[in-house]
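**Student:**
There are 2 protein chains.
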Amino acid sequence: MNQQQTIRLAVIDDDSGFVTVLAKRTEAAGWQQRTSSGAIPPEELVAMKLNALLVDPTVLGEDAWLYLERVCGMLPDLGVVVCTERSTVAQRVRGLRLGIDDWITKPCHPEEAIARLEAVSRRRRRARPRVEAGPVVAGELEIRADRFQAFVGEVSLDLTRREFELLQLLADSQGQVLEREGIYQRVWGYAMAHGDRSVDVFIRKLRQKLEKLSPGWSYIHTHFGVGYRFDPESLDSKQPLHSSFTSPTQARNKLSLSR
Amino acid sequence: MNQQQTIRLAVIDDDSGFVTVLAKRTEAAGWQQRTSSGAIPPEELVAMKLNALLVDPTVLGEDAWLYLERVCGMLPDLGVVVCTERSTVAQRVRGLRLGIDDWITKPCHPEEAIARLEAVSRRRRRARPRVEAGPVVAGELEIRADRFQAFVGEVSLDLTRREFELLQLLADSQGQVLEREGIYQRVWGYAMAHGDRSVDVFIRKLRQKLEKLSPGWSYIHTHFGVGYRFDPESLDSKQPLHSSFTSPTQARNKLSLSR
DNA sequence: TCGACCTGTGAAAATCCTGTGAAAGCAGGC
DNA sequence: GCCTGCTTTCACAGGATTTTCACAGGTCGA
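The listed protein sequences correspond, in order, to chains C and H.
Sequential numbering of the first sequence, starting at 36, is according to my numbering.
Sequential numbering of the second sequence, starting at 36, is according to my numbering.
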């Protein structure tokens, strides 16, 4: 394993002794940390782009469970570790089921806390060794990550940031069907609220821009009840019905429509 | 969302009491479990396609660390939980750094062990929604999970989401008879109402689509009063035009008929 | 062989899902 | 503050999918 990128951690605890020692060590390890002695609104946590959260629910008061549930629901990728003084098996089980990743008991050795925070954040790292290589080409499209833009020939699609990120995600998983939740989670960075149509709307925008500069190609396919799949497909085969040869991909797509 | 996929767990421990209780509970939860009282070679673990591994390093003897390191290195997607009697902070930290996901202390409540196993598999699963293994092949069928679709040759069956999930479930339990209640529970995610015929209806749809693209094969078999069993069976006892060899599965089916 | 149960079927009815246009909400620059 | 471009939210229309029903045909045990 190579060196992990710095971890962004938030600590919600009012045990100043513990917090201080912890801060010292995490800083030494190069982590970025923010400490709070009270709940941090979930929206703010989202904005902080955290990797891990360490929290002592006793400082949350009554609504601790509710709070933890909301946080875990909203940030499924966030590593959440609870660290508290006394707890019953039932509480721990409830917490873990809720989405908490680890539950440790005070007093605990800061080194162990750190090791556990690292363990819960580890998943992130495996994410994607994005190919540094050249631009991605798909159909008539050329996606240049370095410019945050896609081109057809030398003409830019004029994508906004979100549009670009969405397109990039889709193109990176070319051929695979991606579900809306997953897309949202990866592009927006937090869980999609039930009933949110943002993904659909952005797909439409992408399609419009793609159609405008590259008619004759179909890039994004809808899979009803599931999500979308990116797969450049040339439409121009003059007579679809009689064409005597088609690439395997085309053939497959023709017959399967975009289900 | 619907049901969490069943978790495949392996337990390496010789504390028969603990193991037994655990097995009882995981079975009730629908997990697939295998228990061993000694180390399981990493290669074998890979083949088992596990989600989680619970291990007491004391049964591993001298080479415990080495073993754990190899397992964690080889199976980055596997959730590994150590459960042992005594341990020092240093050991735990070493283990967690090594790639272990959680370290709990015996005696521990089985419910908590399960909750923690769930938590680590949840995390691991999210980390890589990747194309688990290649496509599943059965008879002339090819089931591609990454496309939410099944194919015969390059032609899609055009399955809807439910149809696909049903087919996938059946195929995953190839050879086993599944009861309607169980099927419903796993595909729909909640209990089947008395008298609900949905499963039957979807089985019919699947059969129709299968028949259309792969006549000459029989995939889904009815077990009167029980449920359905998926087992590809070539109907034409003559020599199939395209295959001159029979898989063990096929051979077995020929002899056992469908009930 | 006869009834009591199950399962297969076709089709109507009820739901759910996606595409779309447009308005409302926001954030940054002038 | 005002403008401008981007994002989010809404409501509706048209389809696709799922559920539900009623009935026909099969299977099993007595």
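Just so it is clear, CB atoms sit at the ideal spot from N, CA and C, and this is done for glycine as well.
Fair warning: this is a prediction, and the values are worked out from it, not measured in the lab.
DSSP on H:GLY134, reduced to helix/strand/coil?
**Tutor:** The residue labelled residue 134 of chain H in the question sits at position 99 within the second sequence. Reduced to three states, the DSSP call for H:GLY134 is coil.
**Student:** Let me check you understand the geometry: is the CB of C:MET227 closer than 6 Å to at least one non-hydrogen atom of the ligand MN?
**Tutor:** In the structure shown, the ligand MN is absent, as is every other ligand, since no ligand is present at all.
**Student:** Would DSSP call C:VAL190 helix, strand or coil?
**Tutor:** Residue mapping note: residue 190 of chain C aligns to position 155 of the first sequence, counting from 1. Reduced to three states, the DSSP call for C:VAL190 is strand.
**Student:** With a threshold of 6 Å on Cβ separation, who are the neighbours of C:LEU95 within its own chain once the five nearest residues in sequence on each side are excluded?
**Tutor:** Position 60 of the first sequence holds residue 95 of chain C. Correct list, in chain order: ALA74, TYR102.
**Student:** What is the DSSP secondary structure of C:CYS118, counted as helix, strand or coil?
**Tutor:** Against the first sequence, residue 118 of chain C aligns to sequence position 83. C:CYS118 falls in the strand class under three-state DSSP.
**Student:** Using the three-state DSSP reduction, which class does H:VAL171 fall into: helix, strand or coil?
**Tutor:** Working through the second sequence from its first residue, we reach residue 171 of chain H at position 136. Strand.
**Student:** Strictly below 8 Å CB to CB, what residues from chain H border C:PHE53?
**Tutor:** The residue labelled residue 53 of chain C in the question sits at position 18 within the first sequence. Simply none; closest approach about 15 Å.
**Student:** Rounded to a whole number of angstroms, what is the C-alpha to C-alpha distance between C:ALA228 and H:TRP252?
**Tutor:** By 1-based counting over the first sequence, the position of residue 228 of chain C is 193. By 1-based counting over the second sequence, the position of residue 252 of chain H is 217. Roughly 44 Å between the two C-alpha positions.
**Student:** Quick check on H:SER253: does DSSP put it in helix, strand or coil?
**Tutor:** As a position in the second sequence, residue 253 of chain H is number 218, starting the count at 1. In the structure shown, H:SER253 sits in a strand (DSSP, three-state: E or B).
**Student:** Does the beta-carbon of H:GLN211 have 16 or more other beta-carbons within 10 angstroms, so that it is buried, or is it exposed?
**Tutor:** As a first step, residue 211 of chain H is located in the second sequence; it is residue number 176 there, counting from the start. Label assigned to H:GLN211: exposed.
**Student:** Give me, in chain order, the residues of the same chain whose beta-carbon lies closer than 8 Å to that of C:ASP136; leave out the 5 immediate sequence neighbours on both sides.
**Tutor:** In the first sequence, counting from the first residue as 1, residue 136 of chain C sits at position 101. GLY114, VAL115, VAL116, VAL155.
**Student:** Ends of the beta strand (DSSP E) at C:GLN67?
**Tutor:** As a working mapping, residue 67 of chain C is identified with position 32 in the first sequence. That run of the beta strand (DSSP E) goes 67-71.
**Student:** Does C:TYR102 come out as helix, strand or coil in the three-state DSSP assignment?
**Tutor:** By one-based count along the first sequence, residue 102 of chain C stands at place 67. It is helical.
**Student:** By Cβ distance, which residues of its chain are closer than 6 Å to H:ILE47, with the 5 residues on each side in sequence left out?
**Tutor:** The residue labelled residue 47 of chain H in the question sits at position 12 within the second sequence. Here the set comprises SER71, VAL90.
**Student:** Compile a chain-ordered list of the residues in the stretch 118-146 of chain C whose CB is closer than 9 Å to at least one CB of chain H.
**Tutor:** VAL124, ALA125, ARG127, VAL128, ARG129, GLY130, LEU131, ARG132, GLY134, ILE135, ASP136, ASP137, TRP138, CYS143, HIS144, GLU146
**Student:** Around the C-beta of C:HIS258, are 16 or more other C-beta atoms found within 10 angstroms, so that it is buried, or is it exposed?
**Tutor:** Taking the first sequence and counting its residues from 1, one reaches residue 258 of chain C at position 223. Its Cβ being crowded by 16 or more others within 10 Å, C:HIS258 is buried.
**Student:** Chain H beta carbons: is any one of them nearer than 7 Å to that of C:VAL106?
**Tutor:** For the purposes of this step, residue 106 of chain C is identified with residue 71 of the first sequence, where counting begins at 1. No, its Cβ sits nowhere closer than 7 Å to a Cβ of chain H.
**Student:** Using a 10 Å radius around the Cβ and a threshold of 16 neighbouring Cβ atoms, would you call C:ARG121 buried or exposed?
**Tutor:** The residue given as residue 121 of chain C occupies position 86 in the first sequence. Its Cβ having fewer than 16 others within 10 Å, C:ARG121 is exposed.
**Student:** When we look at the beta-carbon of H:SER51 and count the other beta-carbons within 10 Å, is it buried (16 or more) or exposed?
**Tutor:** Along the second sequence, one-based indexing puts residue 51 of chain H at 16. Per the 10 Å Cβ criterion, exposed.
**Student:** CA-CA distance, C:ALA180 and H:VAL128?
**Tutor:** The sequence position of residue 180 of chain C within the first sequence is 145, counting from 1. The sequence position of residue 128 of chain H within the second sequence is 93, counting from 1. The alpha-carbon atoms of C:ALA180 and H:VAL128 are separated by roughly 39 Å.
**Student:** Classify H:VAL261 as buried or exposed, calling it buried when 16 or more other Cβ atoms lie within 10 Å of its own Cβ.
**Tutor:** The residue you call residue 261 of chain H lines up with position 226 of the second sequence. Classification of H:VAL261: exposed, given that the 10 Å Cβ count is below 16.
**Student:** Who are the near neighbours of C:LEU80 in its chain, counting only those whose CB is closer than 8 Å to its CB and skipping five residues on each side?
**Tutor:** Here the question's residue 80 of chain C lines up with position 45 in the first sequence. ALA45, LEU88, VAL106, MET109, LEU110, LEU113, listed in sequence order.
**Student:** Buried or exposed: where does H:GLU62 fall if 16 or more other Cβ atoms within 10 Å of its Cβ makes it buried?
**Tutor:** Residue numbering aside, residue 62 of chain H sits at position 27 when the second sequence is read from its first letter. Exposed, by the Cβ-count rule.
**Student:** Got a sec? Which residues, its chain only, sit under 8 Å from C:LYS244 by beta carbon, not counting five neighbours each side?
**Tutor:** If you number the first sequence from 1, residue 244 of chain C lands on position 209. Excluding sequence neighbours, C:LYS244 sits near LEU192, ASP193, LEU194, GLU198.
**Student:** Measure from the C-beta of H:ARG158 to each C-beta in chain C and report whether the shortest distance is under 7 Å.
**Tutor:** What you label residue 158 of chain H is simply residue 123 of the second sequence in a count that begins at 1. Chain C, which has a Cβ nearer than 7 Å to the Cβ of H:ARG158, makes this yes.
**Student:** Out of H:LYS141, H:ILE42, H:GLY130, H:LEU131, which one is the CA nearest neighbour of H:ASP49?
**Tutor:** Against the second sequence, residue 49 of chain H aligns to sequence position 14. Ranking the options by Cα distance to H:ASP49, first place goes to H:LYS141.
**Student:** I'd like to know whether the C-beta of C:ALA148 is nearer than 7 Å to at least one C-beta of chain H.
**Tutor:** Translated into positions along the first sequence, residue 148 of chain C becomes position 113. It does not: the Cβ of C:ALA148 has no partner Cβ on chain H nearer than 7 Å.
**Student:** Ends of the alpha helix (DSSP H) at C:PRO77?
**Tutor:** In the first sequence, residue 77 of chain C corresponds to position 42, counting from 1. Counting along the chain, the unbroken alpha helix (DSSP H) around C:PRO77 starts and ends at 77-83.
**Student:** Please state the DSSP three-state secondary structure of H:GLY230.
**Tutor:** Here residue 230 of chain H is taken as the residue at index 195 of the second sequence, counted from 1. DSSP places H:GLY230 in coil when its eight states are reduced to three.
**Student:** Relative to the C-alpha of C:ALA82, which residue among C:LYS59, C:TRP223, C:THR93, C:GLU97 is closest?
**Tutor:** Along the first sequence, one-based indexing puts residue 82 of chain C at 47. It is C:TRP223 whose Cα lies nearest to the Cα of C:ALA82.
**Student:** Would you say H:ALA64 reaches chain C, if we count a Cβ-Cβ gap shorter than 7 Å as a contact?
**Tutor:** For the purposes of this step, residue 64 of chain H is taken as the residue at position 29 of the second sequence. H:ALA64 does not count as touching chain C.
**Student:** Using a Cβ-Cβ distance cut-off of 7 Å, determine whether C:GLN209 contacts chain H.
**Tutor:** Here residue 209 of chain C refers to the residue found at position 174 when the first sequence is read from its first residue. It does not; no Cβ of chain H falls within 7 Å.
**Student:** Can you tell me whether H:PRO92 is buried or exposed, with buried defined as 16 or more other CB within 10 angstroms of its CB?
**Tutor:** The residue labelled residue 92 of chain H in the question sits at position 57 within the second sequence. H:PRO92 should be labelled buried.
**Student:** When DSSP builds the beta bridges, which residues end up paired with C:GLU268?
**Tutor:** Position 233 of the first sequence holds residue 268 of chain C. When DSSP reads this structure, C:GLU268 sits in a beta bridge with C:SER253.
**Student:** So, are the CB atoms of C:LEU248 and C:VAL172 less than 7 Å apart?
**Tutor:** Start at 1 with the first residue of the first sequence, and residue 248 of chain C comes out as number 213. Start at 1 with the first residue of the first sequence, and residue 172 of chain C comes out as number 137. Result no, Cβ atoms of C:LEU248 and C:VAL172 do not sit closer than 7 Å.
**Student:** Report the rounded CA-to-CA distance for H:PRO145 versus H:VAL124, giving the unit in angstroms.
**Tutor:** Mapped onto the second sequence, residue 145 of chain H falls at position 110. Mapped onto the second sequence, residue 124 of chain H falls at position 89. Looking at the two C-alpha atoms, the distance is approximately 23 Å.
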